[in-house]
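Visitor: Below are the structure tokens for one structure; questions will follow.
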Ligand code: ATP
Ligand code: MG
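In the numbering used here, the protein residues as written are 1002 to 1422.
Structure (structure tokens):
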């Protein structure tokens, strides 16, 4: 019969890879907790309105990439394409701002965007997302970036490039918008179809375009940084000063605008040269107007999203480097031996020892072969003779040495080995 495959752009994470995901998630949790971040778990489905208002109607995500459906004729729902909007929705809905003036949250999980699937780009992908709410201090920006870079270094990723920019605020961005619109008018013919449209809906988005011709047109475009108001310029300078103080290298990229409308002031990206076209591993920035736009109080925020698939693909770990191997394999031969072995095996497991057993009744040779393949450290052999004598053979798979051990001593003996290993 024909097999049913996964949906295009939706990827399975197999056990050999999942251990890497655990390693990344675990490292992130540990580091986040010492910086005061607490986990929030959110629904994957939200009202479409949340993303339209949060991310912005005239963005690629909202215009083209969302999985949206009419739920039984009632209301439009969307599989979340990113996490920030949902985090802020929950923050407002549960008045988390009332508990503490500064709230630091993180979340991890799948996001959905209907993009063209390719290497490093999927329709279901995963992010680790961290947000700080309640501080517009530039030191908060630097601290968040410092934590992020520390996480990546801890994971062994030393070569990522940090780029930062400032997108200004509601006071200074309109002037830049006018300037870029003027600059691009008359050059429409040189732009791609998407950008011709963006020119009228959201001219800043042109900077985000990956088409070479559009990038060429932009080479002599006005720079956002030249339009910053005094407050935004001071803010950006202090972010840079603090990063320097913390010893975090960065470069300023005045063309980086990021793909979501909610960003204000500091934005940043971490990119790599090792992943080809999909080179952004982390994106983030400030969103000082978002809480208010979503109906909450005037509260500043900043956050980032790490792309898990791209991050994991950069880890130098061998596929099975982190995979668990059984400490003990029990080769049981015969019905009585099988029952007794099952009991020993499961008693060891509840003591936290990874033991494996074969119920197939296959020959000793084939069971030893499997033990070897699983990379077991020790094998316990229990056959009819062993059942009669109540003594089993314990083989050290590394040295091939073998000892006899009575049934009633096995548990303690293996627990001791586990302590030493
Ligand atoms: P890109 O420019 O690569 O499309 P983006 O600006 O759309 O990225 P963000 O919305 O900032 O990305 O998301 C943060 C991170 O999530 C990205 O840097 C990337 O690592 C990852 N990411 C985004 N879209 C996808 C996708 N479709 N598949 C896999 N990872 C993704
Ligand atoms: Mg994108």
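Yeah, the Cβ is synthetic: ideal placement off N, Cα and C, and Gly gets one too.
Please read all numbers here as calculations on a predicted model, not as lab measurements.
Check whether the Cβ atoms of residue 1055 and residue 1086 lie closer than 7 Å to each other.
Guide: What you label residue 1055 is simply residue 54 of the chain shown in a count that begins at 1. What you label residue 1086 is simply residue 85 of the chain shown in a count that begins at 1. Pairing residue 1055 with residue 1086 gives a Cβ-Cβ distance under 7 Å.
Visitor: Taking only the alpha-carbon atoms, compute the straight-line gap between residue 1340 and residue 1003 and give it to the nearest angstrom.
Guide: Within the chain shown, the letter at position 339 stands for residue 1340. Within the chain shown, the letter at position 2 stands for residue 1003. Straight-line measurement puts the Cα of residue 1003 at about 39 Å from the Cα of residue 1340.
Visitor: What do you reckon, is the C-beta of residue 1123 under 6 Å from a heavy atom of the ligand ATP?
Guide: Reading the chain shown from its first residue, position 122 is the one you call residue 1123. Yes; taking the cut-off as 6 Å, the Cβ of residue 1123 has a heavy atom of the ligand ATP nearer than that.
Visitor: Can we say the stretch 1078 to 1085 touches the stretch 1096 to 1114, given the rule of at least three CB pairs closer than 8 Å?
Guide: yes
Visitor: In terms of residues, what are the limits of the beta strand (DSSP E) holding residue 1283?
Guide: The residue you call residue 1283 lines up with position 282 of the chain shown. From DSSP, the beta strand (DSSP E) with residue 1283 extends over 1281 to 1287.
Visitor: Is it a yes or a no for the stretch 1135 to 1151 touching the stretch 1243 to 1257, going by three-plus beta-carbon pairs under 8 Å?
Guide: yes
Visitor: Where does residue 1191 land, buried or exposed, given buried means 16+ other C-beta within 10 angstroms?
Guide: Taking the chain shown and counting its residues from 1, one reaches residue 1191 at position 190. When all chains shown are included, residue 1191 counts as exposed.
Visitor: So for residue 1095, helix, strand or coil by DSSP?
Guide: As a working note, residue 1095 is residue 94 in the chain shown. Three-state result, residue 1095: coil.
Visitor: What are the start and end residues of the alpha helix (DSSP H) that includes residue 1049?
Guide: As a first step, residue 1049 is located in the chain shown; it is residue number 48 there, counting from the start. In the DSSP assignment, residue 1049 falls within the unbroken alpha helix (DSSP H) covering 1049 to 1056.
Visitor: Quick check: does the Cβ of residue 1126 come within less than 6 Å of any heavy atom belonging to the ligand ATP?
Guide: Stepping through the chain shown from its first residue, residue 1126 is reached at position 125. Yes, Cβ of residue 1126 sits closer than 6 Å to a heavy atom of the ligand ATP.
Visitor: State the start and end residues of the unbroken beta strand (DSSP E) segment that holds residue 1232.
Guide: Position 231 of the chain shown, counting from 1, holds the residue named residue 1232. Counting along the chain, residue 1232 falls outside any beta strand (DSSP E), though it belongs to the alpha helix (DSSP H) covering 1231 to 1246.
Visitor: Can you tell me where the beta strand (DSSP E) with residue 1162 in it begins and where it stops?
Guide: Position 161 of the chain shown, counted from the start, is the residue given in the question as residue 1162. Where residue 1162 is concerned, the enclosing beta strand (DSSP E) stretches over 1162 to 1167.
Visitor: If you draw a straight line from the C-alpha of residue 1271 to the C-alpha of residue 1123, how long is it?
Guide: Taking the first residue of the chain shown as position 1, residue 1271 is located at position 270. Taking the first residue of the chain shown as position 1, residue 1123 is located at position 122. Spanning the two alpha carbons is a distance of roughly 19 Å.
Visitor: From the DSSP output, in three-state form, read off residue 1135 for me.
Guide: Position 134 of the chain shown, counting from 1, holds the residue named residue 1135. Here residue 1135 sits in coil by DSSP.
Visitor: Hey, how far is the Cα of residue 1329 from the Cα of residue 1371?
Guide: Here residue 1329 refers to the residue found at position 328 when the chain shown is read from its first residue. Here residue 1371 refers to the residue found at position 370 when the chain shown is read from its first residue. Whole-angstrom Cα-Cα distance: 12 Å.
Visitor: Take residue 1338 and list the residues in its own chain whose beta-carbon comes closer than 6 Å to its own, dropping the five residues that flank it on each side.
Guide: If you number the chain shown from 1, residue 1338 lands on position 337. Excluding positions up to five away in sequence, the list reads 1383, 1384 and 1388.
Visitor: What does the alpha-carbon distance come out to for the pair residue 1423 and residue 1127?
Guide: Lying outside 1002 to 1422, the shown extent of the chain, residue 1423 is not represented and no answer is given.
Visitor: Please determine, among 1397, 1348, 1354 and 1353, the residue with the shortest C-alpha to C-alpha distance to residue 1369.
Guide: As a working note, residue 1369 is residue 368 in the chain shown. Closest by alpha carbon: 1397.
Visitor: Nearest by alpha-carbon distance to residue 1285: which of 1060, 1034, 1132 and 1038 is it?
Guide: Translated into positions along the chain shown, residue 1285 becomes position 284. Here the closest residue by C-alpha is 1132.
Visitor: How about residue 1130 and residue 1306: do their beta carbons lie closer than 7 Å?
Guide: Position 129 of the chain shown, counted from the start, is the residue given in the question as residue 1130. Position 305 of the chain shown, counted from the start, is the residue given in the question as residue 1306. Taking 7 Å as the Cβ cut-off, residue 1130 and residue 1306 qualify as a contacting pair.
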